[in-house]
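As they're listed, the protein sequences go chains F and V. Count the first sequence with my numbering and you get residues 323 to 459, in order. Count the second sequence with my numbering and you get residues 323 to 459, in order.
There are 2 protein chains.
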Amino acid sequence: MVVIEDILKKNQLSVTDGRKKILELFISSEGALAHADIEEKTGENFDRVTVYRTLNTFVEKGIIHHIPTTDNSILYALCKDNCEAGHHHDNHVHFICDVCNKTICLDEVTVPTVQLPEGFRPSHAEMVVNGVCGDCK
Amino acid sequence: MVVIEDILKKNQLSVTDGRKKILELFISSEGALAHADIEEKTGENFDRVTVYRTLNTFVEKGIIHHIPTTDNSILYALCKDNCEAGHHHDNHVHFICDVCNKTICLDEVTVPTVQLPEGFRPSHAEMVVNGVCGDCK
DNA sequence: GCATTTTTGCAATAGTGTTGCAAGTTTTAA
DNA sequence: TTAAAACTTGCAACACTATTGCAAAAATGC
Ligand SMILES: [Mn+2]
Ligand SMILES: [Mn+2]
Ligand SMILES: [Zn+2]
Ligand SMILES: [Zn+2]
């Protein structure tokens, strides 16, 4: 669609096949995507390196964000809050379903603040909740 | 010390040099350790594979726990709550200092519960806070 | 001490992510 | 519309992380 090109242009990125396909994938998929998902779902079209570079570019531009995981994998999801290049400010809880294994951005659920010990000063907080998602029961 | 051997025996583990040194390292270090830290601080004594296997064994036995990170590294720290083989139940917030880069278990700070959307059922939650630690200001 | 069980080190293998560079594509501006 | 400039891609090479099978070595239990 035209919308996808607009997002790229708005972020001062050249419009290329790879970027269009990958961005489309994020927009049309519910749940977060790992590098491997992207390689798989775009077909055998793009080099691994291109996918890595595209993901990094999108993160830098504030188009997608990282999601922390307990294992050492990296997941990405579309930013819905209006993040800018160099500064993300989505601040929502992430949910990992133990059944379907999807990772979901709970855009409406804000990460709560906690009382830290004397002398600690927070700058950012992440929260990941595991359990069973709405679709799985 | 004798204490270290006791911890191993209590968990039905053979007492070996590698396990003693690695466990000692966790007990005597404030903050969490990555695989690389352990290789470094034990000297050139142990094979990388042995370190991996020891860490996995300790996690299985409930002696140490994983800490989630935003980058894709794996950190480990001593369990202070009485975790058992196959079932961890430490449930504390982790703090990563942006200055000294240490990762600290805030054993006194419990992960808060959040209100999830209709249909979602939580089983476990993790929280990681970034900022400046007590030592760094 | 000796047999049994467990752990270790090595070699091989797989996965993940980065970099330099030449070739190819997109943008820009004439 | 075109050609130069700017940027992106694919390839090859590399680095780092993690796992497995197997034989040798060490620890345990008697
Ligand atoms: Mn998210
Ligand atoms: Mn901890
Ligand atoms: Zn689910
Ligand atoms: Zn600090």
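Every residue gets a Cβ at the ideal spot worked out from N, C-alpha and C, and that includes glycine.
Asked	Found
Report the option in Q437(F), L400(F), P444(F), G340(F) whose CA atom is closest to the CA atom of Y374(F).	G340(F)
Determine, using beta carbons only, whether I396(V) comes closer than 9 Å to chain F.	yes
In three-state DSSP terms, what is V431(F)?	strand
What would DSSP say about I385(V), mapped onto helix, strand or coil?	coil
Which residue or residues does DSSP assign as beta-bridge partners of A425(V)?	At residue 425(V) the sequence reads Thr, which differs from the Ala that was named. T425(V) pairs with I418(V).
Would you call T338(V) buried or exposed, if buried means 16 or more other Cβ atoms sit within 10 Å of its Cβ?	exposed
Mark C422(V) as exposed unless 16 or more other C-beta atoms lie within 10 angstroms of its C-beta, in which case mark it buried.	exposed
Touching or not, the region 431-448 of chain F and the region 326-336 of chain V, by the rule of three or more beta carbon pairs under 8 Å?	no
My understanding is that I396(F) touches F348(F), with C-beta atoms under 8 Å, so please give their C-beta distance in whole angstroms.	Actually they do not touch by this definition, with Cβ atoms about 14 Å apart.
Does ligand 1 have even one heavy atom less than 8 Å from the beta-carbon of D412(F)?	yes
To the nearest angstrom, how far is the alpha carbon of A354(F) from that of G408(V)?	28 Å
Using a threshold of 8 Å, is the CB atom of N465(F) nearer than that to any non-hydrogen atom of ligand 3?	Because residue 465(F) is not part of the residues shown, which for chain F are 323 to 459, the question remains open.
Where does S351(F) sit, in a helix, a strand or coil, going by DSSP?	coil
Tell me the residue span of the beta strand (DSSP E) that contains A399(F).	397-400
Does the separation of the CB atoms of N394(F) and I418(F) fall below 9 Å?	no
State the beta-bridge partners of T391(F) as determined by DSSP.	T391(V)
Taking any Cβ of chain F, which residues in the region 338-372 of chain V have a Cβ under 7 Å from it, in chain order?	none
Do the CB positions of A447(F) and N413(F) come within less than 9 Å of each other?	yes
For A358(F), does the three-state DSSP call read helix, strand or coil?	helix
Inspect the beta-carbon positions of F368(V) and K402(V) and report whether they are closer than 9 Å.	no
Nearest chain V C-beta to T392(F) closer than 9 Å, yes or no?	yes
If we ignore side chains and look at the alpha-carbon of each, how far apart do F442(F) and C455(V) end up?	5 Å
What I want to know is whether the C-beta of A407(F) ends up closer than 8 Å to one or more non-hydrogen atoms of ligand 2.	no
Is there at least one Cβ from chain F nearer than 9 Å to L335(V)'s Cβ?	no
Helix, strand or coil: which one does DSSP assign to E346(V)?	helix
What is the rounded straight-line gap between the Cα of L345(F) and the Cα of V381(V)?	38 Å
In this structure, how does DSSP classify N452(V) when only helix, strand and coil are distinguished?	strand
Please classify P439(V) as buried or exposed, where buried requires at least 16 neighbouring CB atoms within 10 angstroms.	exposed
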